[in-house]
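Chemist: Here you go, one structure.
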Amino acid sequence: MKPFKYSLTLLGLLVCCLAFGQTDSLRFVVRGSVVDADNGRPLSYVSVTLPGTNYATVTNADGTFVIKSDSEPHSVTFSLLGYKVATVPADRDKDMRVFLSRGPFTLDPATVLTGDPYTILRTAIYKIQDNCPSEPELFDCFYRETAQKRQRFIYISEAVTKMYKTSFRPNIGFDRMAVEKSRLLTSPRRADTLAIKVMGGPTQAVDLDVVKNRMLVLNEQDLDNYYFTMLEPEMIDDRRQIVIGVEPARDLEYALHTGRIYIDQETLSFTRIELSLDMSDPDKATRVMLVRKPSDIRFKPKEMTLLLNYKREDDKSRLSYVRTVFRFDCDARRRLWRTEFTAVAEMVVTNRYIGEAVVPIDRKESFRSHDVLADKTQMYADPDFWKDYNIIEPTESLEHAIDRLKK
Numbered sequence: 001m002k003p004f005k006y007s008l009t010l011l012g013l014l015v016c017c018l019a020f021g022q023t024d025s026l027r028f029v030v031r032g033s034v035v036d037a038d039n040g041r042p043l044s045y046v047s048v049t050l051p052g053t054n055y056a057t058v059t060n061a062d063g064t065f066v067i068k069s070d071s072e073p074h075s076v077t078f079s080l081l082g083y084k085v086a087t088v089p090a091d092r093d094k095d096m097r098v099f100l101s102r103g104p105f106t107l108d109p110a111t112v113l114t115g116d117p118y119t120i121l122r123t124a125i126y127k128i129q130d131n132c133p134s135e136p137e138l139f140d141c142f143y144r145e146t147a148q149k150r151q152r153f154i155y156i157s158e159a160v161t162k163m164y165k166t167s168f169r170p171n172i173g174f175d176r177m178a179v180e181k182s183r184l185l186t187s188p189r190r191a192d193t194l195a196i197k198v199m200g201g202p203t204q205a206v207d208l209d210v211v212k213n214r215m216l217v218l219n220e221q222d223l224d225n226y227y228f229t230m231l232e233p234e235m236i237d238d239r240r241q242i243v244i245g246v247e248p249a250r251d252l253e254y255a256l257h258t259g260r261i262y263i264d265q266e267t268l269s270f271t272r273i274e275l276s277l278d279m280s281d282p283d284k285a286t287r288v289m290l291v292r293k294p295s296d297i298r299f300k301p302k303e304m305t306l307l308l309n310y311k312r313e314d315d316k317s318r319l320s321y322v323r324t325v326f327r328f329d330c331d332a333r334r335r336l337w338r339t340e341f342t343a344v345a346e347m348v349v350t351n352r353y354i355g356e357a358v359v360p361i362d363r364k365e366s367f368r369s370h371d372v373l374a375d376k377t378q379m380y381a382d383p384d385f386w387k388d389y390n391i392i393e394p395t396e397s398l399e400h401a402i403d404r405l406k407k
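Here it is, written out as structure tokens:
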């Protein structure tokens with residue numbers, strides 16, 4: 001069994017082809033930053049939504065955001081694990097500065113948070129069918145993958161995608177992704193002879209939705225491979241969360257995971273899933289992380305993590321954000337020193353379609369799980385490339401990397 005469908009390919013840099021698409025103009029723009037109200041620290045991966053619409057995004061590593069709409073926004077809502085939800089008036093005339101306060105966890109006198117985590121988890125799995133949408137849905141998403149050599153970015157690829165998800169069923173056979181528009185930025189330095197490619201790219205929103213595609217932890221076979229423990233409860237979107245710790249319970253031929261699972265206490269819907277590949281056996285971890293590499297390259301795995309966030313709307317829970325991180329060392333056999341590489345892929349759902357707008361993606365147009373985004377995208381540096389789309393704002397370091405890579 002190979003738990004992750006997401007893996008890396010290490011190979012020479014390539015020149016690739018173009019993928020384009022169209023969207024309606026989003027002419028109303030709100031931008032700003034989100035910080036901790038106590039210490040002013042920028043807050044990353046805050047969920048940003050426009051009430052009354054289906055538009056959404058997340059803050060970047062610097063805590064900044066930009067969100068666009070086809071109608072004038074009057075307010076913006078912000079939510080993050082452990083913080084109170086904040087809804088503030090939208091200000092399009094200047095960059096907003098939003099302060100989030102930590103939410104104290106309080107219990108009603110009758111609330112009991114003890115119990116068997118295994119039983120709670122199995123009950124939540126049983127209730128997935130009630131907590132997930134009963135009709136097919138169509139989404140807009142923004143996807144970005146980056147690769148760093150030590151602290152320097154050597155590769156950036158981005159795409160706006162469509163995601164079609166069928167009504168709930170415990171498989172993803174008819175769920176599909178299609179690339180609407182994409183661009184590639186690659187290092188021109190000859191010294192960067194190694195490229196890191198994430199197999200599947202934008203399809204992570206389908207392949208790694210472990211609530212629907214139960215390939216990790218949440219299936220009958222894997223449940224018995226883990227220890228589950230009750231951890232301190234948390235608040236997400238001002239709702240109490242049961243937090244269950246995950247640890248390997250067996251030594252198998254493949255690497256297992258550690259992590260945390262957040263379950264809404266009232267609805268027992270999955271809210272957040274954090275998983276990290278066990279690195280105690282480098283050979284097992286390598287078999288999960290790596291598809292292929294040049295014969296003269298030595299590979300040492302260091303980290304492989306997965307984060308999934310789910311948002312509840314209209315009494316249904318939907319995937320809203322996915323992030324994967326690969327960190328490893330590589331060196332040529334003739335060299336003495338290893339070089340650290342980091343590959344990060346993240347995707348945010350930026351819009352949800354309803355009614356007649358929900359149209360299945362044709363198989364011929366779909367992006368497949370064994371495809372690589374870099375192989376289907378060309379170099380493109382237009383500063384207004386994403387003008388009509390909601391995206392994840394680049395961090396300051398990524399902005400500088402883009403400027404260097406365009407030269």
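In terms of this note's numbering, the sequence shown is residues 1 to 407.
Ideal Cβ placement from N, Cα and C applies to all residues, glycine included.
Here's a check: name, in chain order, each residue in its chain whose Cβ is nearer than 8 Å to the Cβ of residue 282, leaving out the five neighbours to either side.
Modeler: Sequence index remark: in the sequence shown, residue 282 carries index 282 (1-based). 300 and 301.
Chemist: Tell me, please, whether the stretch 68–83 touches the stretch 45–56 by the rule of three or more beta-carbon pairs shorter than 8 Å.
Modeler: yes
Chemist: Verify whether the separation of the beta carbon atoms of residue 202 and residue 159 is less than 8 Å.
Modeler: Within the sequence shown, numbered from 1, the residue matching residue 202 stands at position 202. Within the sequence shown, numbered from 1, the residue matching residue 159 stands at position 159. Yes. Within cutoff.
Chemist: Would you decide whether residue 370 is buried or exposed? Buried here means 16 or more other CB atoms lie within 10 Å of its CB.
Modeler: Counted from its first residue, the sequence shown places residue 370 at position 370. Exposed, since its Cβ has fewer than 16 Cβ neighbours within 10 Å.
Chemist: Cα separation between residue 36 and residue 399?
Modeler: As a first step, residue 36 must be located in the sequence shown, where it is residue number 36. As a first step, residue 399 must be located in the sequence shown, where it is residue number 399. Using only the alpha carbons, I get a separation of about 23 Å.
Chemist: Just to confirm my understanding: we take residue 366, look at its own chain, exclude 5 residues before and 5 after, and list those with CB closer than 7 Å. What are they?
Modeler: In the sequence shown, counting from the first residue as 1, residue 366 sits at position 366. Hits under 7 Å: 176, 177 and 178.
Chemist: Give me the Cα-Cα distance between residue 412 and residue 279, rounded to the nearest whole angstrom.
Modeler: Any property of residue 412 remains undetermined from this structure, which presents the chain solely from 1 to 407.
Chemist: Can you tell which of 87, 41, 95 and 152 has the C-alpha that lies nearest to the C-alpha of residue 237?
Modeler: Counting from 1 along the sequence shown, the entry for residue 237 is found at position 237. For the residues 87, 41, 95 and 152, the minimum Cα distance to residue 237 belongs to 87.
Chemist: Exposed or buried, what is residue 252 when buried is set at 16 or more other beta-carbons lying within 10 Å of its beta-carbon?
Modeler: If you number the sequence shown from 1, residue 252 lands on position 252. Residue environment for residue 252: exposed (fewer than 16 other C-beta atoms within 10 angstroms of its C-beta).
Chemist: Just to confirm the assignment, what range does the alpha helix (DSSP H) spanning residue 85 have?
Modeler: What you label residue 85 is simply residue 85 of the sequence shown in a count that begins at 1. Bounds of any alpha helix (DSSP H) do not take in residue 85, whose DSSP letter is neither H nor E.
Chemist: Determine which residues share a DSSP beta bridge with residue 275 and list them.
Modeler: What you label residue 275 is simply residue 275 of the sequence shown in a count that begins at 1. Bridge partners of residue 275: 259 and 306.
Chemist: Would you report the Cα separation of residue 389 and residue 257, rounded to the nearest angstrom?
Modeler: Counting from one through the sequence shown, the residue named residue 389 turns up at place 389. Counting from one through the sequence shown, the residue named residue 257 turns up at place 257. When rounded, the distance between both Cα atoms is 35 Å.
Chemist: Look at the Cβ atom of residue 85, then the Cβ atom of residue 63, and state whether they are nearer than 8 Å.
Modeler: Indexing the sequence shown from 1 puts residue 85 at position 85. Indexing the sequence shown from 1 puts residue 63 at position 63. The answer is no: Cβ separation not under 8 Å.
Chemist: Quick test of your reading: residue 319 and residue 205, contact by CB under 8 Å. State the CB separation rounded to the nearest angstrom.
Modeler: Stepping through the sequence shown from its first residue, residue 319 is reached at position 319. Stepping through the sequence shown from its first residue, residue 205 is reached at position 205. Between residue 205 and residue 319 the Cβ distance is about 6 Å, and since that is below 8 Å, they are a contact.
Chemist: Specify whether the stretch 150–159 and the stretch 113–132 touch according to this definition: at least 3 beta carbon pairs, one from each stretch, less than 8 Å apart.
Modeler: No: fewer than three Cβ pairs fall under 8 Å.
Chemist: So what's residue 45 in DSSP terms, helix, strand or just coil?
Modeler: The residue given as residue 45 occupies position 45 in the sequence shown. Coil.
Chemist: For the candidate residues 384, 228 and 397, whose alpha-carbon lies nearest to that of residue 26?
Modeler: By 1-based counting over the sequence shown, the position of residue 26 is 26. If we check each option's Cα against that of residue 26, 384 comes out closest.
Chemist: Quick check: the Cα distance between residue 352 and residue 313, rounded to an integer number of angstroms?
Modeler: Counting from one through the sequence shown, the residue named residue 352 turns up at place 352. Counting from one through the sequence shown, the residue named residue 313 turns up at place 313. Roughly 11 Å between the two C-alpha positions.
Chemist: For residue 309, count the other beta carbons within 10 Å of its own beta carbon; 16 or more makes it buried, fewer makes it exposed. Which is it?
Modeler: To locate residue 309, count along the sequence shown from 1; it is residue 309. By the neighbour-count rule (16 or more Cβ atoms within 10 Å), residue 309 is buried.
Chemist: Can you give, in chain order, each stretch of the beta strand (DSSP E) that sits fully within the stretch 221–255 and has at least 3 residues?
Modeler: 226–230, 234–236 and 239–248
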